[in-house]
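Visitor:
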Amino acid sequence: MKILAFETSCDDTAVAIIENGVRVLSSVRVSQLEHNAWGGVVPEIAARLHAEAWRPVLEQALSEAELEMREIDYLAVTYGPGLQTSLLSGTTAASFLSLLYDIPLIPVHHVYGHLCSVFLERDINEIGFPALVLTASGGHTEFYFWENATTWYKLGGSLDDAVGEAFDKVAKMLGLGYPGGPLISKRAETGDRKKYNFPVPNLGKQSLDLSFSGVKSAVRRLVEAEYPAWLEGDFSNQAPEAAVFINDVCASFEETCGRIFIKKFKTIFEAHPELKAFYFVGGVSANTYLNKAFTKFMHQYGVEIKTPKKIEYSTDNAAMIGAAAYWQLQKEGGEAPTVQYVEALPRLSL
Ligand code: KG4
Ligand code: ZN
Numbered sequence: 008m009k010i011l012a013f014e015t016s017c018d019d020t021a022v023a024i025i026e027n028g029v030r031v032l033s034s035v036r037v038s039q040l041e042h043n044a045w046g047g048v049v050p051e052i053a054a055r056l057h058a059e060a061w062r063p064v065l066e067q068a069l070s071e072a073e074l075e076m077r078e079i080d081y082l083a084v085t086y087g088p089g090l091q092t093s094l095l096s097g098t099t100a101a102s103f104l105s106l107l108y109d110i111p112l113i114p115v116h117h118v119y120g121h122l123c124s125v126f127l128e129r130d131i132n133e134i135g136f137p138a139l140v141l142t143a144s145g146g147h148t149e150f151y152f153w154e155n156a157t158t159w160y161k162l163g164g165s166l167d168d169a170v171g172e173a174f175d176k177v178a179k180m181l182g183l184g185y186p187g188g189p190l191i192s193k194r195a196e197t198g199d200r201k202k203y204n205f206p207v208p209n210l211g212k213q214s215l216d217l218s219f220s221g222v223k224s225a226v227r228r229l230v231e232a233e234y235p236a237w238l239e240g241d242f243s244n245q246a247p248e249a250a251v252f253i254n255d256v257c258a259s260f261e262e263t264c265g266r267i268f269i270k271k272f273k274t275i276f277e278a279h280p281e282l283k284a285f286y287f288v289g290g291v292s293a294n295t296y297l298n299k300a301f302t303k304f305m306h307q308y309g310v311e312i313k314t315p316k317k318i319e320y321s322t323d324n325a326a327m328i329g330a331a332a333y334w335q336l337q338k339e340g341g342e343a344p345t346v347q348y349v350e351a352l353p354r355l356s357l
């Protein structure tokens with residue numbers, strides 16, 4: 008079964024063709040670099056760039072897979088959550104193609120897409136259940152209890168900023184650019200992780216929720232005290248000690264994010280000793296330091312840790328949407344959904 012999927016929920020225009028939920032026949036993505044100058048995604052710019060990109064991206068995905076539209080069994084598209092202007096580009100394109108070629112269309116939840124990214128290019132038997140999934144990106148930071156490929160429920164999540172959003176905001180304060188994750192990670196490599204003691208929030212011992220606004224505000228207060236001009240966008244002070252300061256802030260910030268997660272892992276694994284595996288998905292799962300810290304922790308509990316097979320399946324991509332559509336169909340008994348028009352739902356919950 009071949010599924011052609013669209014993902015345009017934020018600042019990537021992506022199309023992929025997936026066979027039987029795991030095999031990636033093609034996965035094409037164009038990232039919108041124009042936002043970098045603004046330190047975040049600008050909705051109007053995103054809409055214009057998606058509108059320009061979707062047809063060439065679609066054509067490339069079909070040509071790399073050596074397929075034509077009539078050989079596609081299902082279409083799939085992210086319909087939420089995300090930026091309305093961005094989602095609309097994908098849902099409009101997919102609905103149009105569904106009507107034009109008479110191919111049924113499967114609406115996919117963006118976060119379920121991230122969950123299913125661990126299936127890509129893997130043997131399904133390699134995936135152990137029940138599993139804990141942490142999906143961490145610029146828009147969401149949530150824990151899911153995953154019983155099997157098609158049954159899951161939410162355990163908790165961030166009450167304020169997503170962890171990726173905190174990385175992006177801290178990077179902006181330090182004048183590093185956007186997206187912040189990889190830039191902070193690079194600077195943290197040579198920094199002192201113990202230099203600054205940023206707070207780990209206390210939301211109650213049993214709570215499975217998280218918060219990243221405290222650590223972000225603590226970084227802001229520190230920058231305000233040491234280099235206030237940076238908060239006004241003036242980064243002319245490039246003295247060597249400023250570079251050391253940035254490296255140390257990045258390292259201590261990354262370390263604090265790790266501690267915030269590990270505190271919750273302890274509560275979750277004590278409450279659910281039956282958990283066999285841990286899957287770390289979403290853009291932040293590309294972070295080397297967090298991966299190392301989580302792996303060390305999981306070993307103590309005898310739990311295996313897996314991230315998507317390739318980094319390009321961690322950040323937003325259409326292959327994961329194709330995989331999720333396949334598993335969604337299995338859940339619905341393989342019945343073809345009759346949808347030919349999908350509405351964009353920016354605040355969709357799971
Ligand atoms: O999943 P994704 O591509 O898009 C959303 O759904 O948001 O995730 C993007 C987020 C950004 O906030 C980016 O800073 C973060 O993932 N990110 C990272 C790393 N690579 C990307 N965060 C920490 N470390 C990284 N290496
Ligand atoms: Zn995402």
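Numbering (this note's numbering), first residue to last: 8 to 357.
Ideal placement from N, C-alpha and C gives every residue a C-beta, glycine not left out.
Remember, predicted model here, so these are calculated numbers, not experimental data.
What are the partner residues of residue 161, as DSSP defines its beta bridges?
Guide: On the sequence shown, position 154 is the one that residue 161 refers to. Paired residue(s): 151.
Visitor: DSSP state of residue 112, grouped into three classes?
Guide: If you number the sequence shown from 1, residue 112 lands on position 105. DSSP places residue 112 in strand when its eight states are reduced to three.
Visitor: Verify whether the separation of the beta carbon atoms of residue 10 and residue 72 is less than 9 Å.
Guide: Locating residue 10 in the sequence shown gives position 3, counting from the first residue. Locating residue 72 in the sequence shown gives position 65, counting from the first residue. Taking 9 Å as the Cβ cut-off, residue 10 and residue 72 do not qualify as a contacting pair.
Visitor: Shortest alpha-carbon distance to residue 12 belongs to which of 162, 324, 149 and 248?
Guide: Translated into the one-based positions of the sequence shown, residue 12 becomes position 5. Closest option to residue 12, Cα to Cα, is 324.
Visitor: How would you call residue 3, buried or exposed, if buried means at least 16 neighbouring beta carbons within 10 angstroms?
Guide: Limits of the chain in this structure are 8 at one end and 357 at the other, which puts residue 3 out of reach.
Visitor: Tell me whether residue 336 sits in a helix, a strand or coil according to DSSP, three-state version.
Guide: Taking the sequence shown and counting its residues from 1, one reaches residue 336 at position 329. The answer is helix: DSSP assigns residue 336 an H, G or I state.
Visitor: On the three-state DSSP scale, how would you describe residue 314?
Guide: Stepping through the sequence shown from its first residue, residue 314 is reached at position 307. Coil, per DSSP.
Visitor: Taking 8 Å as the cut-off, is the CB of residue 168 close to at least one heavy atom of the ligand ZN?
Guide: The sequence position of residue 168 within the sequence shown is 161, counting from 1. No, the Cβ of residue 168 stays beyond 8 Å of every heavy atom of the ligand ZN.
Visitor: How far does the beta strand (DSSP E) with residue 220 in it extend, from its first residue to its last?
Guide: Residue mapping note: residue 220 aligns to position 213 of the sequence shown, counting from 1. Where residue 220 is concerned, there is no enclosing beta strand (DSSP E), although the alpha helix (DSSP H) it sits in stretches over 220 to 233.
Visitor: How long is the line joining the alpha carbons of residue 114 and residue 18, rounded to whole angstroms?
Guide: Counted from its first residue, the sequence shown places residue 114 at position 107. Counted from its first residue, the sequence shown places residue 18 at position 11. Each residue's alpha carbon lies about 19 Å from the other.
Visitor: Smallest Cα separation from residue 351: which of 70, 32, 85 and 79?
Guide: Along the sequence shown, read from residue 1 onward, the residue named residue 351 stands at position 344. That would be 85, whose Cα lies nearest to the Cα of residue 351.
Visitor: Shortest alpha-carbon distance to residue 349 belongs to which of 75, 50 and 96?
Guide: Counted from its first residue, the sequence shown places residue 349 at position 342. If we check each option's Cα against that of residue 349, 96 comes out closest.
Visitor: Given the structure, does residue 17 come close to the ligand ZN, in the sense that its CB is under 8 Å from one of the ligand's heavy atoms?
Guide: Sequence index remark: in the sequence shown, residue 17 carries index 10 (1-based). Under cutoff, so the answer is yes.
Visitor: When DSSP labels each residue in this structure, what does residue 320 get in the three-state scheme?
Guide: As a position in the sequence shown, residue 320 is number 313, starting the count at 1. DSSP places residue 320 in helix when its eight states are reduced to three.
Visitor: Just list the alpha helix (DSSP H) runs in the segment 67 to 142, keeping only unbroken ones of 4 residues or longer that don't cross its boundaries, in chain order.
Guide: You should have 91 to 108 and 117 to 123.
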